[in-house]
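Everything below concerns the one structure shown next.
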Amino acid sequence: MAIVNLFKSLAPNAIYHGDSQELLGRIERESVALSIWSPPYYVGKEYEKDLSFEDWKNLLRKVIKLHFPIVKPGG
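So the number in this note's numbering is just where the residue sits in the sequence shown, counting from 1, plus 1376.
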């Protein structure tokens, strides 16, 4: 399995590392059987320092909603 950085189109069967808000919109509809991700947990990490608790909850809601169109039915 390849580990791929950001490209305009996403190849299947690859691992991508990047901003999920940007990557999820580039995945074909109903093409994902399983999505595994590790969200920010709002525990004081450096990358969370500029997020309020409300901003963090809104970010998670947005990312979760971006999964709906790409996950296969029953996935």
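The C-beta atom is built at its ideal place from N, Cα and C for all residues, glycine as well.
These figures come from a predicted structure and were not determined experimentally.
Query - Buried or exposed (CB count within 10 angstroms, at least 16 for buried), G1450 - result: exposed
Query raised in the report: Expressed to the nearest angstrom, what Euclidean distance is found between the alpha-carbon atoms of L1436 and P1445?
Result: 16 Å
**Report entry** Test item: CB-CB of Q1397 and V1447 under 8 Å
**Finding:** no
Query - Check whether Y1418 and F1429 have beta carbons under 8 Å apart - result: yes
Query raised in the report: For R1437, does the three-state DSSP call read helix, strand or coil?
Result: helix
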